[in-house]
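K.L.:
2 protein chains.
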Amino acid sequence: MLIEMDFNSNEALYIQLRNQVIIGIAKDMLKEGESLPSVRQMANELGVNMHTVNKAYASLRQDGYVKLDRRNGAVISVSLENRSGQVENIYSAMQMIVAQAICKNISLTELQEVVREMYLAFSPEVKED
Amino acid sequence: MLIEMDFNSNEALYIQLRNQVIIGIAKDMLKEGESLPSVRQMANELGVNMHTVNKAYASLRQDGYVKLDRRNGAVISVSLENRSGQVENIYSAMQMIVAQAICKNISLTELQEVVREMYLAFSPEVKED
DNA sequence: CTTGTGTTATAGCATAGATATAACAAAAGA
DNA sequence: TCTTTTGTTATATCTATGCTATAACACAAG
Chain L
0 MLIEMDFNSN EALYIQLRNQ VIIGIAKDML KEGESLPSVR QMANELGVNM HTVNKAYASL
60 RQDGYVKLDR RNGAVISVSL ENRSGQVENI YSAMQMIVAQ AICKNISLTE LQEVVREMYL
120 AFSPEVKED
Chain U
0 MLIEMDFNSN EALYIQLRNQ VIIGIAKDML KEGESLPSVR QMANELGVNM HTVNKAYASL
60 RQDGYVKLDR RNGAVISVSL ENRSGQVENI YSAMQMIVAQ AICKNISLTE LQEVVREMYL
120 AFSPEVKED
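First to last, the sequence lines map onto chains L and U. The first sequence begins at 0 in numbering that gives the first Met the number 0 and counts up one residue at a time. The second sequence begins at 0 in numbering that gives the first Met the number 0 and counts up one residue at a time.
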């Protein structure tokens, strides 16, 4: 999976890497059990320092997206332990999005439709449930 | 409207203030044309430096939530000029939320329901549209 | 035994966040 | 007119964060 950094972005490099991995998992381009390149190799590919990648991997591990194995490096492994805490953080961020949307006169139905489009764009196989 | 700072949060103080104002507008507790306390007064109330408040106000102005007037201070005024740019930023943030939600096995309908609950919690008068 | 892994430690540099004074022009109010 | 208050700008200092650089460690693979 191709990952690229935007060195002109105001977003921290390790956050960019973290987000791209999460998007990769959501798109199912990074599958459960798959290994990410090692810290040093990924750093070399991205043109970034080793510690920056390490920080991203540690953050992904902290939030339950990968498991770090000395043998296989960072292995995609979405953890559902402490899921309530993760979900809480996600919804907390969602709340600010909704507040901004209301201020900008985005209707509830439009907002839900955007969520639906984004959701299906990530995982098109989902019908409903 | 009561605004409080969390000095133990990892979120920047000026971002906290900014977000609380946005939430206040979404809840219609801060109404169009209403004035926020002056930079110095707000700083005194929050126990924060003047420049921190100034930075928050400038950020709110930048994103079209207030207009800064030398006579009346920061006046709530949700601007819909350059709305497309604002909406784009909101949706960009939304995309990461959706990606995380998918990874954590949150279904589309659950996500939409949460959006609905949050939306109605902010503006209960909205029926549909 | 060599190599590569995650991990930790230390250091240096640049930027951002927060504070502290100070000053300015413009408008309000007495 | 005079004083006060407003937003705004300019420095300066301090701390924390992000990024880089170099080095070293324990552990496992080959």
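Just so it is clear, CB atoms sit at the ideal spot from N, CA and C, and this is done for glycine as well.
Check whether the segment 101-118 of chain L and the segment 98-118 of chain U are in contact - that is, three or more C-beta pairs closer than 8 angstroms.
P.N.:
Touching, yes, given that three or more Cβ pairs across the two stretches are closer than 8 angstroms.
K.L.:
Run through chain L and tell me which residues come within less than 8 angstroms of ARG115 of chain U, C-beta to C-beta.
P.N.:
Numbered from 1 along the second sequence, position 116 holds the residue referred to as residue 115 of chain U. Residues of chain L passing the Cβ test: LEU107 and GLN111.
K.L.:
Indicate whether at least one CB of chain L lies closer than 7 angstroms to the CB of MET95 of chain U.
P.N.:
In the second sequence, counting from the first residue as 1, residue 95 of chain U sits at position 96. Yes, its Cβ sits closer than 7 angstroms to a Cβ of chain L.
K.L.:
Residues in the segment 54-77 of chain L with C-beta within 7 angstroms of chain U's C-beta atoms, listed in sequence order?
P.N.:
Against chain U - using a Cβ distance shorter than 7 angstroms - the residues of the segment 54-77 of chain L are TYR64 and VAL77.
K.L.:
Under 9 angstroms Cβ-Cβ, which residues of chain U neighbour LEU79 of chain L?
P.N.:
Looking up residue 79 of chain L in the first sequence gives position 80. Chain U residues near LEU79 of chain L: LYS103 and ASN104.
K.L.:
Any C-beta of chain L within less than 9 angstroms: which residues of the segment 5-19 of chain U qualify?
P.N.:
Residues ASN18.
K.L.:
Under 7 angstroms between C-beta atoms, does ILE24 of chain U make it to chain L?
P.N.:
On the second sequence, residue 24 of chain U is found 25 positions in, with the first residue counted as 1. Yes, contact with chain L.
K.L.:
Taking all protein chains shown into account, do 16 or more other C-beta atoms lie within 10 angstroms of the C-beta of ARG17 of chain U, making it buried, or fewer, making it exposed?
P.N.:
Translated into positions along the second sequence, residue 17 of chain U becomes position 18. Under this definition ARG17 of chain U is a buried residue.
K.L.:
What's the call for ASP62 of chain U, buried or exposed, on a 16-neighbour Cβ count within 10 Å?
P.N.:
Here residue 62 of chain U is taken as the residue at index 63 of the second sequence, counted from 1. Looking at its Cβ environment, which holds 16 or more other Cβ atoms inside 10 Å, ASP62 of chain U is buried.
K.L.:
Please state the DSSP three-state secondary structure of ILE22 of chain L.
P.N.:
If you number the first sequence from 1, residue 22 of chain L lands on position 23. In this structure, ILE22 of chain L counts as helix in the three-state DSSP scheme.
K.L.:
What residue range is occupied by the uninterrupted beta strand (DSSP E) comprising ILE145 of chain L?
P.N.:
Since the displayed chain L opens at 0 and closes at 128, residue 145 of chain L lies outside it and no answer follows.
K.L.:
Is GLY84 of chain L buried or exposed, if buried means 16 or more other CB atoms sit within 10 Å of its CB?
P.N.:
Here residue 84 of chain L refers to the residue found at position 85 of the first sequence. Under this definition GLY84 of chain L is an exposed residue.
K.L.:
Counting only beta-carbon separations shorter than 7 angstroms, does ASP128 of chain U have a partner in chain L?
P.N.:
Taking the first residue of the second sequence as position 1, residue 128 of chain U is located at position 129. Caution is warranted here: a pLDDT of 47 is assigned to ASP128 of chain U, below 50, making its placement in the model unreliable, and the coordinate value is therefore given only provisionally. Chain L, which has a Cβ nearer than 7 angstroms to the Cβ of ASP128 of chain U, makes this yes.
K.L.:
Is ALA42 of chain L close to chain U, meaning its C-beta is less than 7 angstroms from at least one C-beta of that chain?
P.N.:
Within the first sequence, numbered from 1, the residue matching residue 42 of chain L stands at position 43. Taking Cβ atoms only, chain U never reaches closer than 7 angstroms to ALA42 of chain L, which makes this a no.
K.L.:
So ALA92 of chain U packs on ILE96 of chain L, CB below 8 angstroms; how close in whole Å?
P.N.:
For this step, residue 92 of chain U is matched to residue 93 along the second sequence. For this step, residue 96 of chain L is matched to residue 97 along the first sequence. With a Cβ gap of about 6 angstroms, ALA92 of chain U and ILE96 of chain L count as contacting.
K.L.:
Looking at the C-beta of SER122 of chain U, does it have a partner C-beta in chain L at a distance below 7 angstroms?
P.N.:
Position 123 of the second sequence holds residue 122 of chain U. Yes, SER122 of chain U counts as interfacial toward chain L.
K.L.:
For VAL47 of chain U, which residues of its own chain have a beta-carbon under 7 angstroms away from its beta-carbon, when the five flanking residues on both sides are left out?
P.N.:
Residue numbering aside, residue 47 of chain U sits at position 48 when the second sequence is read from its first letter. Counting only Cβ-Cβ distances below 7 angstroms, and skipping sequence neighbours, we find MET4 and LEU12.
K.L.:
Run the CB neighbour count on MET41 of chain U, radius 10 Å, all protein chains shown included, and call it buried at 16 or more, exposed below.
P.N.:
Translated into positions along the second sequence, residue 41 of chain U becomes position 42. Classification of MET41 of chain U: buried, given that the 10 Å Cβ count is 16 or more.
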